[in-house]
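Here's the structure, in structure tokens; my notes come after.
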Amino acid sequence: MDLTLSHTFLNVHDIDLALAFYRDVLELDVHTDVTMDDFRWVTVSPRSQPDLEIGLMNPYMGPGAPDADAVLTLTAKGSMNGLIFATPDVDADFEKIRAAGAEVLQEPITQPYGVRDCAFRDPSGNMIRLSQSS
Amino acid sequence: MTTQAELVEIAHLRRARNLIDTQFAEPLDVPALARAAFMSPSHFSRRFRAIYGETPYGYLMTRRIERAKALLRRGDLSVTEVCVAVGCTSLGSFSTRFTQLVGASPSAYRGQDHAAAAYVPGCVARYGTRPSRV
């Protein structure tokens, strides 16, 4: 097998709020933004990984709807995992993201296992961590 | 369907919990946390418990004990130094609470073998090692 990660997904309660965070604050590119009937399919990609699509999924759209209350409640509680991005300058990124009003979960600290990282939550409660190797 | 208002309330509770997660070493009290959630102290305590399964003060103490475990695993800090570093003011009640939740006294815990901790990222250990009273 020769596998490459191509898609990963986040549950969000409001796609426009999520776009404002992932596109405008984290500066990801919008890969796809289309609507079929009531289903809106939006994916974003890091500039350095244009083939990796992060789907911003509103679980009320589509077959997940019966579970959407539970999924979004858990996400809002901060119980779900999220994504970790690598960055060459975690301190500069942290200041930009904080200045944009994002929810800070951890200011930049140097971890004993050799990375410097910080953490935020997206508007739905998913954890987003930025990590810089030393 | 979970209403937008319910998700907003959970997000307020989550932000108050972020405050515990980041400011646990400060003399936090329930009125200060309730203000961060835009709620009265009694309503805040009730809703926090309903969502997170423990009281705000209970969560604060398990967060402090989890941090104390991390500091004790380093092996170079005294129990008193750890007690103060996590925001506890009484060594006696810190030790009692620690022993209740962890099943070993702070000094006994410090003396245990913590070799596995070197392989677990801190942000993961933080969730995995927080004692639970539920």
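The listed protein sequences correspond, in order, to chains A and B. Note that the numbering used here has the first sequence beginning at 1137, numbered continuously upward. Note that the numbering used here has the second sequence beginning at 57, numbered continuously upward. The beta-carbon is built from N, C-alpha and C at its ideal position, and this holds for glycine as well.
Minimum Cβ-Cβ distance from residue i to chain A less than 7 angstroms
i                : result
Ile66 (chain B)  : yes
Thr152 (chain B) : no
Thr136 (chain B) : no
Thr145 (chain B) : no
Gly178 (chain B) : yes
Thr59 (chain B)  : no
Leu128 (chain B) : no
Leu63 (chain B)  : yes
Arg119 (chain B) : no
Nearest-angstrom Cα separation, counted from residue j out to residue i
i                 : j                 : result
Phe80 (chain B)   : Thr111 (chain B)  : 15 angstroms
Ser1181 (chain A) : Val1161 (chain A) : 13 angstroms
Ala93 (chain B)   : Asp85 (chain B)   : 13 angstroms
Gly148 (chain B)  : Ala181 (chain B)  : 26 angstroms
Ala124 (chain B)  : Arg166 (chain B)  : 10 angstroms
Ala1206 (chain A) : Phe154 (chain B)  : 33 angstroms
Ile1151 (chain A) : Ala61 (chain B)   : 17 angstroms
Tyr175 (chain B)  : Ile1233 (chain A) : 29 angstroms
Arg102 (chain B)  : Ala88 (chain B)   : 15 angstroms
Met1197 (chain A) : Asp1174 (chain A) : 7 angstroms
Pro1202 (chain A) : Cys139 (chain B)  : 46 angstroms
Glu164 (chain B)  : Met1137 (chain A) : The sequence given here has Ala at residue 164 (chain B), not Glu. Whole-angstrom Cα-Cα distance: 48 angstroms.
Arg130 (chain B)  : Gly1214 (chain A) : 28 angstroms
Contact check, residue i vs residue j, beta carbons under 7 angstroms
i                 : j                 : result
Ala90 (chain B)   : Pro97 (chain B)   : yes
Ala1212 (chain A) : Ala67 (chain B)   : yes
Thr185 (chain B)  : Glu137 (chain B)  : no
Pro162 (chain B)  : Leu128 (chain B)  : yes
Ile76 (chain B)   : Tyr108 (chain B)  : no
Arg1265 (chain A) : Val1226 (chain A) : no
Asp1165 (chain A) : Arg1183 (chain A) : yes
Ser1260 (chain A) : Val1178 (chain A) : no
Val142 (chain B)  : Pro187 (chain B)  : no
Arg1257 (chain A) : Glu1239 (chain A) : yes
Phe1230 (chain A) : Met1193 (chain A) : no
Met1216 (chain A) : Leu1208 (chain A) : no
Leu1153 (chain A) : Asn74 (chain B)   : no
Gln1185 (chain A) : Thr1223 (chain A) : no
Minimum Cβ-Cβ distance from residue i to chain B less than 7 angstroms
i                 : result
Asp1160 (chain A) : no
Lys1232 (chain A) : no
Gln1247 (chain A) : yes
Ala1201 (chain A) : no
Asp1227 (chain A) : no
Gly1261 (chain A) : yes
Asp1205 (chain A) : yes
Thr1223 (chain A) : no
Ala1212 (chain A) : yes
His1167 (chain A) : no
Thr1179 (chain A) : no
Cutoff 7 angstroms: residue i Cβ touching any chain E Cβ
i                 : result
Leu1241 (chain A) : Among the chains of the structure shown, chain E does not appear; the protein chains present are A and B.
Identified DSSP bridge partners for residue i
i                 : result
Ser1269 (chain A) : A:Val1251
Thr1144 (chain A) : A:Ile1190
Ile1220 (chain A) : A:Arg1265
Gln1242 (chain A) : A:Ala1255
Thr1171 (chain A) : A:Arg1176
Val1166 (chain A) : A:Val1180
- Query: Are three or more beta carbon pairs between the stretch 1255 to 1264 of chain A and the stretch 1148 to 1162 of chain A nearer than 8 angstroms?
  - Reply: yes
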